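Worksheet: the structure to be examined is printed underneath.
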Amino acid sequence: MNAIAHARRAPYVCASCIRRLHHAAPRTARTYTSNKTNGSFPVAAARSPRFALKAPARAVHLLRNGYSTASEKPKPLRLAIIGSGPAGFYTAHRLMKQVQDVVVDMYEKLPVPYGLVRFGVAPDHPEVKNCQDTFEEVAASPRFNYIGNVEIGKTLALADMKPHYDAILFAYGASEDRKLGIPGEDLPGVYSAREFVGWYNGHPQFAHLKPELDSGERAVVIGHGNVALDVARILVAPLAQLRKTDIAEHAVAALARSKIKRVEVVGRRGPLQASYTVKEARELMQFQKVGFKSTSLRNLYPENTKTLPRVQQRLADVLLKGSTVSKQEHKKRWELSFMKSPHAIHVKKNRLNEPIGDHVHSIEFQKTRFVPGADPLSKDARVELDDEIVTSEASIVFRSIGYKSTPLPGLSDLGVPFDQKLGIIPNDAHGRIISPSEGPGNLSAGHLPGLYAVGWVKRGPTGVIVSTMMDAFTTADVIVEDWSASSPFLNGEKGRSTSTGLGWDGVKDNVLAQGVKPVDWEAWKRIDKAERERGKEKGKVRLKFVDEEEMKAAAGLA
Amino acid sequence: MSGRLQWPNALSRALKSEQGTLTTPLSLHRRAFSSRTSSSRVQTPWRPQEPQWRTTNITLQSFARNRRKFSSTPIPRHNHLDPPKPGEERHVTFITKEGESFTFDVADGDNLLDIAQENDLEMEGACGGSCACSTCHVIVESEDMYNKMEEPDDDENDMLDLAFGLQETSRLGCQVKMSKELDGLVVRLPSMTRNLQASDFDSK
Numbered sequence: 020m021n022a023i024a025h026a027r028r029a030p031y032v033c034a035s036c037i038r039r040l041h042h043a044a045p046r047t048a049r050t051y052t053s054n055k056t057n058g059s060f061p062v063a064a065a066r067s068p069r070f071a072l073k074a075p076a077r078a079v080h081l082l083r084n085g086y087s088t089a090s091e092k093p094k095p096l097r098l099a100i101i102g103s104g105p106a107g108f109y110t111a112h113r114l115m116k117q118v119q120d121v122v123v124d125m126y127e128k129l130p131v132p133y134g135l136v137r138f139g140v141a142p143d144h145p146e147v148k149n150c151q152d153t154f155e156e157v158a159a160s161p162r163f164n165y166i167g168n169v170e171i172g173k174t175l176a177l178a179d180m181k182p183h184y185d186a187i188l189f190a191y192g193a194s195e196d197r198k199l200g201i202p203g204e205d206l207p208g209v210y211s212a213r214e215f216v217g218w219y220n221g222h223p224q225f226a227h228l229k230p231e232l233d234s235g236e237r238a239v240v241i242g243h244g245n246v247a248l249d250v251a252r253i254l255v256a257p258l259a260q261l262r263k264t265d266i267a268e269h270a271v272a273a274l275a276r277s278k279i280k281r282v283e284v285v286g287r288r289g290p291l292q293a294s295y296t297v298k299e300a301r302e303l304m305q306f307q308k309v310g311f312k313s314t315s316l317r318n319l320y321p322e323n324t325k326t327l328p329r330v331q332q333r334l335a336d337v338l339l340k341g342s343t344v345s346k347q348e349h350k351k352r353w354e355l356s357f358m359k360s361p362h363a364i365h366v367k368k369n370r371l372n373e374p375i376g377d378h379v380h381s382i383e384f385q386k387t388r389f390v391p392g393a394d395p396l397s398k399d400a401r402v403e404l405d406d407e408i409v410t411s412e413a414s415i416v417f418r419s420i421g422y423k424s425t426p427l428p429g430l431s432d433l434g435v436p437f438d439q440k441l442g443i444i445p446n447d448a449h450g451r452i453i454s455p456s457e458g459p460g461n462l463s464a465g466h467l468p469g470l471y472a473v474g475w476v477k478r479g480p481t482g483v484i485v486s487t488m489m490d491a492f493t494t495a496d497v498i499v500e501d502w503s504a505s506s507p508f509l510n511g512e513k514g515r516s517t518s519t520g521l522g523w524d525g526v527k528d529n530v531l532a533q534g535v536k537p538v539d540w541e542a543w544k545r546i547d548k549a550e551r552e553r554g555k556e557k558g559k560v561r562l563k564f565v566d567e568e569e570m571k572a573a574a575g576l577a
Numbered sequence: 059m060s061g062r063l064q065w066p067n068a069l070s071r072a073l074k075s076e077q078g079t080l081t082t083p084l085s086l087h088r089r090a091f092s093s094r095t096s097s098s099r100v101q102t103p104w105r106p107q108e109p110q111w112r113t114t115n116i117t118l119q120s121f122a123r124n125r126r127k128f129s130s131t132p133i134p135r136h137n138h139l140d141p142p143k144p145g146e147e148r149h150v151t152f153i154t155k156e157g158e159s160f161t162f163d164v165a166d167g168d169n170l171l172d173i174a175q176e177n178d179l180e181m182e183g184a185c186g187g188s189c190a191c192s193t194c195h196v197i198v199e200s201e202d203m204y205n206k207m208e209e210p211d212d213d214e215n216d217m218l219d220l221a222f223g224l225q226e227t228s229r230l231g232c233q234v235k236m237s238k239e240l241d242g243l244v245v246r247l248p249s250m251t252r253n254l255q256a257s258d259f260d261s262k
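The listed protein sequences correspond, in order, to chains A and B. In terms of my numbering, the first sequence opens at residue 20 and continues consecutively. In terms of my numbering, the second sequence opens at residue 59 and continues consecutively.
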């Protein structure tokens, strides 16, 4: 029994087995070519660069001969996933394990995959990015096509995709951020954390952000989530530590010039309502030469923190213990402040109260208090504005109050609504998209057949990798359930789908005619290899390309 | 038959789990061929309609006879679990969310994540066992057993804080290594059902 037999049996072929196949390839190459119809899995063929985008039709053909299918449908399930972040990949992972004849096309706007795992997870958290190993296993399957550099809604219209798919899964996350809605928010020197995170992670869209880290000593981060603490950490972390990570080169250069010495992280509510987690808080306490200060912390926690729930209690332990770095030792300091709501951002003013320049200089906060009757120990306690105004000096301001999803262009062509208030595609909480216009006439009212959502566009921009994974598994499970229950899918009347089933093959010509060169998985692996090699020279895991043209050149597509 | 490999164990495992639904051709394959060499001497064509364990019986034995005849360089595999030394087998039982239990003979030092993945149980291990996520969360059935383990460190507790369905005896699978004291350990995989929280839909 060998790797080929494994390949034939495996729901999909994992990365380590691919390596085995390479090992076995010379001896068995003939089997792949001569026995096309006996059920041999075309894995060796799948590794050839040209195969990946052509694979589906042939792979499906072979699969149907070699597998007993999980469902009784004559046609395989052809699924388009829009977005290549963790939500999309984990759904594909679960789905391909459970439905033997699903063929997945994953579309990505950028040439490179992995979404926020690449562009969101902080560079000094490389272990969190290990989930890429799983994604690579998924992508190694001949039943999976990666189509990078193709933007849905721009290069390719949703309406044009629809006839060729049985299902479309929206996994495109949150590409905007929430605004404060206060005067001065658009001044130079005020950035969104999303931009800043994208900038230090080498996102092509934010590579030219040039945050002014050298215009003064004080930074203010608005928001009490993990992104806010990520931003604070990058600002105070020793550069030597960051240099070894896959942080963008331009960020290292800018951080080396940074004059920032104090970072204040401000929240509207108290420490028991904050959403950062203890790991991130602890990391900030462990830097040598970085001090910590919080004046109001002790008063906002109950006298005895042992009565708090486990998570809150552990967080309180870390925060109340603070940093061991004394005032004399510290070079930089971070500060947590609570019960302050941003009110206005100002430029510098002279004695006559006339503005000097247009750069941010200070930020005004309005103090808050808990609404009458609210339990200050509750996670959901609300606050109201107080009259007192306090001002913090700030040479740079980051707003980190949450990401926001936006409707994908062309959603309405498929009848998919978008909830602007919640920033999600309305769904039944499992992942089936629902529409109010589908009237409550019958029991299946509201469900849009064959349309699903997952990740941040499904449940809003919160949570860590495990929440997204669980969420993705839920969505995958309902797709499996619907498919095996012969529920209607796209272009389908009760299981009799008129989808062409061509998937990417059906829309490819349309894309190529526009001069767009799609990046397949092999091409991405070339980019990946080039990035790692570049990184090796500099003593880091990888050095990312930050320019899309560079990426395409490395992929051999330019 | 090589004593070190404990083929009767592998065989009985394969046969036993035939009753459980988790037995897939892949899992059988992994279970049977998770040794370092891969020989192609025995080619059993896969027949989808046939229960796999019938052929496995024969395959395993003949495979065991043949396996040392091929020498090859180590090939990267899923996990690198070596079979336990005779007399030093530790037993660990996993109870899946469906309530089925699976017992494995493992070696000292193997961690629960590797054991689960080697045996195709539903455990993710998103961070690759580096204690940076909570996807390998397990619940220790007996409190005594839990107390025999070393206390979880801060890093592990930080991640447990984020786990779904946290219990008093929760641990991360990647951090629990088998040892003589833990022989007979029983752990439960938490239910994957995600309880939607009201806050998921809050506008905040």
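Each residue gets a CB set at the ideal place from its N, CA and C atoms; glycine is no exception. No experiment lies behind these values; they were computed from the predicted model shown.
Which residues of the segment 152–180 of chain B have a Cβ closer than 7 Å to any Cβ of chain A? Give them in chain order. none
Under 8 Å between beta-carbons, which chain B residues line up against His144 of chain A? List them in chain order, please. Ala190
CB contact flag (Tyr471 of chain A, Phe189 of chain A, <9 Å): yes
According to DSSP, is Asn57 of chain A helix, strand or coil? Residue placement at Asn57 of chain A is poorly supported in this model, since its pLDDT is 37, which falls under 50; the coordinates are not used for a value here.
CB contact flag (Gly474 of chain A, Gly167 of chain A, <9 Å): no
Count the other C-beta atoms from every protein chain shown that fall within 10 angstroms of the C-beta of Arg276 of chain A, then say buried if there are 16 or more, exposed otherwise. exposed
Could you check whether the segment 186–206 of chain A touches the segment 416–426 of chain A, counting it as contact only if at least three pairs of C-beta atoms, one from each stretch, sit closer than 8 Å? yes
Nearest to Thr227 of chain B by CA position, among B:Ser237, B:Asn215, B:Phe162 and B:Leu171, is which residue? B:Asn215
Could you tell me which chain A residues have their CB closer than 9 Å to the CB of Glu208 of chain B, listed as they occur along the chain? Ordered by position in chain A, no residue passes the 9 Å Cβ test against Glu208 of chain B, which lies about 18 Å from the chain.
Length of the line joining the Cα atoms of Ser342 of chain A and Thr296 of chain A: 17 Å
With respect to the beta strand (DSSP E) encompassing Ser503 of chain A, which residues constitute its N-terminal and C-terminal limits? Not the beta strand (DSSP E): Ser503 of chain A falls in the alpha helix (DSSP H), residues Ile484 to Ser503.
Look at the alpha carbon of Ser188 of chain B and the alpha carbon of Met570 of chain A, and state the distance between them as a whole number of angstroms. 30 Å
8 Å CB neighbourhood of Glu438 of chain A in its chain, flanking five on each side removed: Here residue 438 of chain A turns out to be Asp, not Glu, going by the sequence shown. These residues qualify, in order along the chain: Ile444 and Pro445.
To the nearest angstrom, how far is it from the Cα of Ala184 of chain B to the Cα of Pro374 of chain A? 52 Å
Since Gln385 of chain A sits in a beta bridge, which residues does DSSP pair it with? A:Ser360 and A:Ile408
Can you tell me which of the three DSSP states Pro145 of chain A falls into? helix
Check whether the Cβ of Met488 of chain A lies closer than 9 Å to any Cβ atom in chain B. yes
Residue-level contact to chain A via CB, Thr227 of chain B, 9 Å cutoff: no
Buried or exposed: Arg451 of chain A, going by 16 or more other Cβ atoms within 10 Å of its Cβ? buried
Cutoff 9 Å: Pro61 of chain A Cβ touching any chain B Cβ: Only weak support is given to the placement of Pro61 of chain A: the predicted model assigns it a pLDDT of 40, under 50, and the value that follows is read from those uncertain coordinates. Judged by the 9 Å Cβ criterion, Pro61 of chain A is not in contact with chain B.
Anything in chain B within Cβ reach of Asn149 of chain A, meaning under 9 Å, just list it in chain order. Gly183, Ala184, Cys185, Gly186, Gly187, Ser188, Ala190 and Cys191
For the alpha helix (DSSP H) containing Val585 of chain A, list its first residue and its last residue. A query on residue 585 of chain A cannot be resolved here, the shown segment of chain A reaching from 20 to 577 and no further.
Residue environment, His222 of chain A, which counts as buried when at least 16 other CB atoms sit within 10 Å: buried
For Arg561 of chain A, is the classification buried or exposed, using 16 other Cβ atoms within 10 angstroms of its Cβ as the cut-off for buried? buried
Rank A:Pro290, A:Gly469 and A:Pro507 by C-alpha distance to the C-alpha of Lys398 of chain A and give the top, closest one. A:Pro290
If the criterion is Cβ atoms closer than 9 Å, does the pair Asn149 of chain A and Gly186 of chain B meet it? yes
Within 10 angstroms of its Cβ, does Pro141 of chain B collect 16 or more other Cβ (buried), or is it exposed? buried
Kindly say whether Asp120 of chain A, judged by its beta-carbon, lies nearer than 9 Å to any beta-carbon of chain B. no
Is the Cβ of Leu81 of chain A closer than 9 Å to any Cβ of chain B? The predicted model places Leu81 of chain A with a pLDDT of 39, which falls under 50 and marks its position as unreliable; any figure quoted below should be read in that light. It does not: the Cβ of Leu81 of chain A has no partner Cβ on chain B nearer than 9 Å.
Kindly indicate if chain B contains any beta-carbon less than 9 Å away from that of Thr296 of chain A. yes
Exposed unless 16 or more other CB atoms sit within 10 angstroms - verdict on Lys477 of chain A: buried
What residues in its chain sit with their C-beta under 7 Å from that of Leu316 of chain A, if we drop five residues either side in the sequence? Pro290, Leu338, Leu339 and Leu355
Span separating the alpha-carbon of Asp241 of chain B from that of Val150 of chain B: 7 Å
Listing by chain order, which chain B residues have their CB less than 8 Å from the CB of Thr153 of chain A? Glu182 and Ala184
Would you be able to state if there are at least three C-beta pairs under 8 Å between the segment 491–508 of chain A and the segment 106–124 of chain A? yes
Let me check understanding here. Comparing Cα to Cα, which of A:Asp539, A:Arg551 and A:Gly554 lies closest to Ala574 of chain A? A:Asp539
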